[in-house]
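There are 2 protein chains.
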Amino acid sequence: MTTLDVRDTPITHPTETISEVAERTGVTAHTLRYYERIGLLDVPRDSAGRRLYTPDDVDRVVFITRLRQLDMPIRDIQRYFELVLAGPATEPDRLALLVKHRETVRVRMEALRIALDVVDYKIAKYGGTAAP
Amino acid sequence: MTTLDVRDTPITHPTETISEVAERTGVTAHTLRYYERIGLLDVPRDSAGRRLYTPDDVDRVVFITRLRQLDMPIRDIQRYFELVLAGPATEPDRLALLVKHRETVRVRMEALRIALDVVDYKIAKYGGTAAP
DNA sequence: ACTTGACTTCGAGTGTGCTCGAAGTCCTAC
DNA sequence: GTAGGACTTCGAGCACACTCGAAGTCAAGT
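If you want it as structure tokens, here you go:
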């Protein structure tokens with residue numbers, strides 16, 4: 009890298025501290041460390057041992073939060089990133105994992121819709137005590 | 009009640025044992041006892057101390073399962089049946105509780121839909137590792 | 001009479017996903 | 001040089017909703 013290469017000095021800071029990531033993603037610093045502990049992340053450190061999240065790390069955090077919003081079990085998310093670590097050959101497996109969970113979510117949403125209809129009905133004809 | 013009142017001898021058995029209720033509702037006997045312990049049910053007993061669920065009790069179990077399917081916290085369900093116990097004057101409160109949770113569920117479903125869209129997108133253009 | 005099996009109470013244990021606190025380190029500003 | 005604050009690791013603790021097991025009771029069938 010020479011001083012002529014402007015990309016060597018990007019305008020935005022290339023990495024973020026744990027508190028910055030916590031703020032931006034809504035995931036607490038405690039939880040970010042927890043995720044790392046259980047193998048969902050592998051964040052590089054500065055010379056003092058502090059975490060410096062790269063954009064990819066942050067992207068991964070965001071992706072994890074999506075999967076958690078979909079109630080994907082931590083175990084499955086671990087499995088997913090084990091596959092990522094194992095290389096591109098595992099892409100079909102990863103895809104299958106996502107597709108399988110998507111189906112789980114679809115089923116779940118349908119169950120919610122049905123139970124919601126029942127409660128809607130209860131609300132509509134309110135006056136009851138326990139009847140469905 | 010006289011012997012002339014046919015409703016004194018209904019054709020179907022008027023009550024069910026815990027195992028029958030478990031089978032019919034899909035809630036385990038262990039969980040049914042748990043629900044009773046925490047005040048969601050108050051099931052009468054036979055002379056030997058065994059639970060005999062009335063149709064109303066069974067209806068209530070079914071209603072509880074609906075609320076649980078909607079992820080209503082046990083605490084709120086307890087509150088609901090405390091209100092039932094407190095008499096008809098609490099109906100507006102009960103209704104409010106149900107309506108509030110319905111809104112919670114709606115919000116939840118919307119969040120699911122959004123997160124699902126994100127994962128759908130990820131699935132569609134699969135090849136990624138962590139990007140959202 | 002005795003076995004069988006479903007029931008009873010009670011307290012303790014489990015799994016999931018965080019959440020927290022203690023004790024220590026390290027840079028920055030004064 | 002020292003105070004402040006953000007960071008570090010580690011292990012323990014928590015909330016929730018069950019889930020289970022031990023020890024005992026009871027009624028019906030053979």
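Protein sequence lines correspond, in order, to chains U and B.
Position in the first sequence counted from 1, then plus 8, gives you this note's numbering.
Position in the second sequence counted from 1, then plus 8, gives you this note's numbering.
Backbone N, C-alpha and C define an ideal beta-carbon position, used for all residues, glycine too.
- In its chain, beyond the 5 residues on either side, L49, V51 have a beta carbon closer than 7 Å to the beta carbon of U/D65.
- Around the beta carbon of B/E24, 16 or more other beta carbons sit within 10 angstroms, so the residue counts as buried.
- Residues of the stretch 71-86 of chain B with a C-beta less than 8 Å from any C-beta of chain U: F71, R74, L75, Q77, L78, listed in chain order.
- Within chain B, the residues placing a beta-carbon under 9 Å from that of U/I131 are L103, L106, V107, R110, ordered along the chain.
- Straight-line spacing of the CA atoms in U/R76 and U/V70 works out to 10 Å.
- B/Y61 carries a strand assignment under DSSP once its states are collapsed to helix, strand and coil.
- Counting the other CB atoms within 10 Å of its CB gives U/Y129 a total below 16, which places it among the exposed residues.
- A distance below 8 Å between beta-carbons, with the five flanking residues on each side excluded, links B/R102 to the following residues of its chain, in chain order: Y88, L91, V92.
- By the 16-neighbour rule on beta-carbons within 10 angstroms, B/I85 is buried.
- The C-beta distance from B/L78 to U/I131 rounds to 12 Å, too long to fall under 8 Å, and the pair is not in contact.
- For U/M117, the enclosing alpha helix (DSSP H) has its first and last residue at 99-132.
- In the DSSP secondary-structure assignment, B/R53 is bridged to B/R59.
- U/I46 is positioned such that its CB atom lies no closer than 8 Å to that of U/I72.
- For B/V113, the closest alpha carbon among the candidates B/M80, B/A94, B/D125, B/G95 is that of B/M80.
- Rounded to the nearest whole angstrom, the C-alpha separation of B/T33 and U/A123 is 14 Å.
- The residue from U/V127, U/R41, U/P96 with its alpha-carbon nearest to that of B/H109 is U/V127.
- Separation of the CB atoms of U/D54 and U/L60 is rounded to 5 Å, and the pair is thereby assigned contact status at 8 Å.
- Chain-order list of chain B residues neighbouring U/L48: empty, with the shortest C-beta distance near 10 Å, by a criterion of under 8 Å.
- Against B/D128, the close residues of chain U are R110, in the order they occur along the chain (beta-carbon pairs closer than 8 Å).
- Per the coordinates, the alpha-carbon of B/T98 lies some 57 Å from the alpha-carbon of U/T98.
- Within the DSSP secondary-structure output, U/E24 pairs in a beta bridge with U/Y61.
- Beyond the five residues adjoining it in sequence on each side, B/E31 comes within less than 8 Å, by CB distance, of no other residue in the same chain.
- Annotation: B/L120 to U/A104 spans about 19 Å, alpha carbon to alpha carbon.
- Close to U/V113, with beta-carbon spacing below 9 Å, are these residues of chain B in chain order: L120, A123, L124, V127.
- Note on U/Y134: under 16 other CB atoms within 10 angstroms of its CB, so exposed under the neighbour-count rule.
- Straight-line spacing of the CA atoms in B/R41 and U/V115 works out to 29 Å.
- In the same chain as B/P22, and ignoring 5 residues on each side of it, the C-beta atoms closer than 8 Å to its own belong to T62, P63, in chain order.
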